[in-house]
Amino acid sequence: MTPFKYIIIFTICIILCKTSYAQSDAIKFEVIEKIAQTEYHPTFSAVTAKLLEGINPKLAYGQLDTLLGREYGDMFWMYGCAGLYFSCKNILPVSYKQKIRECWKHFTPYRGDTENHFLMYYGSLFLFSEEWDSLDASEWFMGRSSQEINAESKEWLLYWIHETVRTGMTEFDSPRYLYYYITPLVLLSEYSRDSAIRSKSEMMLEYLLANYSVKYLGGSYCGAHSRDANESTLVPSNTEAASYGEYFFEDSITHILPDIVFVAATSYVLPEIIREIAHKRNNSFECTEIVRSRRRVRYEIPAVKSIHKYTYMARDYALGSLESGIAQPIQQRTWSLVLRSQNPYSVIAGLHPYYSAKELGTFFPEEPSFMLEKIEAVKAGYTSEDKWVGASPYETVWQRRNELRCSYDIP
Amino acid sequence: MRIVILLFVCSLFLWASNLSAQNHLRLYTCALANDDPSAFMGGSSTGAGLWTSDDSGSTWKHVGWSHVKCYSVAVVDSSFGRTLYLGCGNGCMRSTDAGAHWRMLTDWKVAEVMDVAIDQADPEKISIATSTGMWSSTDRGEHWSESGPREFQSHLYYDRDHRVVPNIVADVLNNETQLVLTNDGGLFANGKQVVRQYSQRGPLWSVAYSDSNIFISGERGIYEYDSSRVLHLITGSPRNIHSMITIGNKMYAVSLSGGVWVCDLYGSKRFFLRSGLDSLQLWSIRSATVK
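Going down the list, the protein sequences come from chains A and B.
So the first sequence is numbered by the numbering used here: it starts at 35 and just counts up by one.
So the second sequence is numbered by the numbering used here: it starts at 750 and just counts up by one.
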């Protein structure tokens, strides 16, 4: 065999090996196809996958009719609707575009009260106010014109970006809610006509993913979290964020959640250097951060407090913590040790199962005593002594490198 | 002659019935619905929003936005029920057609509007109490400026001198007793403190009065305030009464635990009867004369 033939064969091998690396077209296609072939309850993301792949379009349009046929109450509906519209804009029939337009005239979704809610709400409104840019106030559910909506949405987006990069997130390092930041940012970076919003959204996306990559260990989002859940505390590799972790950081993806279709349908590719950060664990390192508490509406001054956060990352484990106190209500994970392991339950964590009307009243505007009475219907498990999430005012945490001390002075 | 009298009586009856059809009392109440697991601390579930009744609370109709946390409503008196302001989780909204269409007046800087008040002498002036402070407008809510400290405000109102007063739920002047309820549950009679929040009585939330009685409501129900400055609990089952009004000899009260409650104020016995919206968390009740 001539050297030339060797070179040809070697080149073909390289090409074959590289066809399904992280975020390659092959992986994107595989993700969309898998979501399209999976049976979900009607969701905009699953419908999007079916329409993009041409798989069972009759079922897809039937599900879309369901999603547009009754009024859903919040920003979760809004960002999914925006994702479908812009991902499928070139193939969506005019009649469905008109149906979607009518929904945004008549449905009255709730804006919510957290950063991820506002990002979904204003991100979706920004894109649609660009799409339908000359409508007067009577054509929008909140009685404001396209121009007014666009200006307000842009102002909030720029404000949020500025605050976050300057003083940190309030919903920092959430293995659950990171999921709801990524889609709006991807949609804005891909489909916005505004060059400033497009580039800043992409930068924010990379800011969030770079932050994730530092605390990524074999599929788990390590360290302390603003908002966690019982299930994801016990199995840290099985979270909403882990699905994006696999998509962005790994060469194959098994934990596929439907929203990934919105990212896979775009041209966005994460810079290689961030992917490398997620895997370079030869030397242990410390990560110190300043993040923000959720806004406190009662009892505490200042309303927003800076929170110090510390994570020690080693090759086979990660130990992380927050400074003492309640930065987020109900769902805080103050400290944890996550091990790199094939065993899904590879975590050690502890807490004082605290609950009180004062904690709820500190962060929510409703009547504190009444909230405590009703909380179990909304956030089940909050008052349980067996819960795995939540912070306590009686907890003191101290950490230096891989040594962590917690004391609980409970009255 | 009989025919003339009959015609006169008929026309009088028609005039009177027409008058009553044109002007009548409308009740408004604001609802959250946080018993739905999909809602976020009183968030977005079905049933939340503004409800109205044109038959003294016998039946209720949902008006305007669904899926909105609705804390407070104010009606411009001179509009006869056409111009309404709502204090909501999303901000402050206005309708100028009795609730058929709404305009969101505030932007992203304003959230969790707990109370909204109108200067009825000059209805261009609107103020709102929010979870992060007080805001005021002098052009019907088109533009806003912060008008108080950046802290939680649950109530505000325009006093007799048309000044907007934060931190006060209401003041009542009745039989030479001036009763002031502060939004942290403090109760003052003629300047002297009577009871504080987190006392045995729990938080206090609203004040109402009739010709001869003063009522204060709170977590445990409704208290009647007597001349010896003693609060008597007059309710049994309705608890968490967040707002109440008296109209003639009737009291309408709404409960965070659910439902509108009505009580006749004749005599000394107090019986509270349910009057609808039992499954909703109700925050405020107002009335207006409408055409």
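Virtual Cβ for every residue (Gly too), placed ideally from N, Cα, C.
This structure is a prediction, so every number in the text was calculated from the model and none was measured.
Sort out for me which residues DSSP pairs I27 of chain A with in a bridge. Here chain A has residues from 35 to 445 only, and residue 27 of chain A is not among them.
Compile a chain-ordered list of the residues in the region 163-186 of chain A whose CB is closer than 7 Å to at least one CB of chain B. A171, M176, G177, R178 and E186
Just to confirm, is the Cβ distance from L905 of chain B to P915 of chain B under 8 Å? yes
Looking at the C-beta of S821 of chain B, does it have a partner C-beta in chain A at a distance below 8 Å? no
For K133 of chain A, which option in A:N150, A:A116 and A:L102 has the closest C-alpha, if you only look at C-alpha atoms? A:L102
Please classify V303 of chain A as buried or exposed, where buried requires at least 16 neighbouring CB atoms within 10 angstroms. exposed
Kindly give me the distance between the Cβ atoms of C841 of chain B and L781 of chain B, rounded to whole angstroms, as I take these residues to be in contact under 8 Å. Rounded, the Cβ-Cβ distance is 16 Å, inconsistent with contact.
Got a sec: which bits of the region 824-858 of chain B sit with their beta carbon under 7 Å from any beta carbon on chain A, in order along the chain? G838, N839, H850, W851, R852, M853, D856 and W857
Contacts that W190 of chain A makes with chain B (C-beta to C-beta distance below 7 Å): W857
Measuring straight from C-alpha to C-alpha, what distance separates I195 of chain A and T832 of chain B? 37 Å
Inter-stretch contact at 8 Å, needing at least 3 Cβ pairs: the region 166-183 of chain A / the region 202-215 of chain A: no
Counting C-beta neighbours from all protein chains within 10 Å, is the total for H816 of chain B 16 or more, i.e. buried, or is it exposed? buried
So, do the region 219-234 of chain A and the region 322-336 of chain A have three or more beta carbon pairs nearer to each other than 8 Å? no
When the Cα of F152 of chain A is compared with those of A:E240, A:K392, A:F110 and A:K84, which residue comes out closest? A:F110
CB contact flag (A391 of chain A, S403 of chain A, <8 Å): yes
Are there 16 or more other CB atoms within 10 angstroms of the CB of R309 of chain A, so buried, or fewer, so exposed? buried
Length of the line joining the Cα atoms of L85 of chain A and H342 of chain A: 45 Å
G935 of chain B CB to nearest chain A CB: under 8 Å? no
Near-chain B residues of the region 212-239 of chain A (beta-carbon distance less than 7 Å), N- to C-terminal order: none
What are the partner residues of H734 of chain B, as DSSP defines its beta bridges? For chain B, the structure presents residues 750 to 1040; residue 734 of chain B sits outside this window and is missing.
For N916 of chain B, which residues in chain A fall below 8 Å Cβ to Cβ? Those within 8 Å of N916 of chain B in chain A number zero; the least Cβ separation is about 13 Å.
Beta-carbon separation of S1024 of chain B and H991 of chain B under 8 Å? no
Buried or exposed: which applies to R439 of chain A, given that a residue is buried once 16 or more other Cβ atoms fall within 10 Å of its Cβ? exposed
In or out: E873 of chain B buried (at least 16 other Cβ within 10 Å) or exposed? exposed
How many Å lie between H850 of chain B and E173 of chain A at the Cα? 11 Å
With H, G and I counted as helix, E and B as strand and the rest as coil, what does DSSP make of P915 of chain B? strand
So, is the C-beta of F160 of chain A closer than 8 Å to a C-beta in chain B? no
Is F78 of chain A near E105 of chain A, with beta carbons less than 8 Å apart? no
With 8 Å as the threshold, decide whether the Cβ of S815 of chain B is near any Cβ in chain A. yes
Using 8 Å as the limit for Cβ to Cβ distance, is M993 of chain B near chain A? no
How would you call I867 of chain B, buried or exposed, if buried means at least 16 neighbouring beta carbons within 10 angstroms? buried
For the putative contact between W814 of chain B and G798 of chain B, defined by C-beta atoms under 8 Å, what is the C-beta separation to the nearest angstrom? 5 Å
Under 7 Å Cβ-Cβ, which residues of chain E neighbour S880 of chain B? The structure shown contains no chain E; its protein chains are A and B.
Beta-carbon proximity list for P218 of chain A, same chain, < 6 Å, skipping 5 on both sides: Y113, L153, M154 and G157
Three-state secondary structure (DSSP) of L854 of chain B: coil
Give me the residue from A:K421, A:V338 and A:N436 with the minimum Cα distance to A263 of chain A. A:K421
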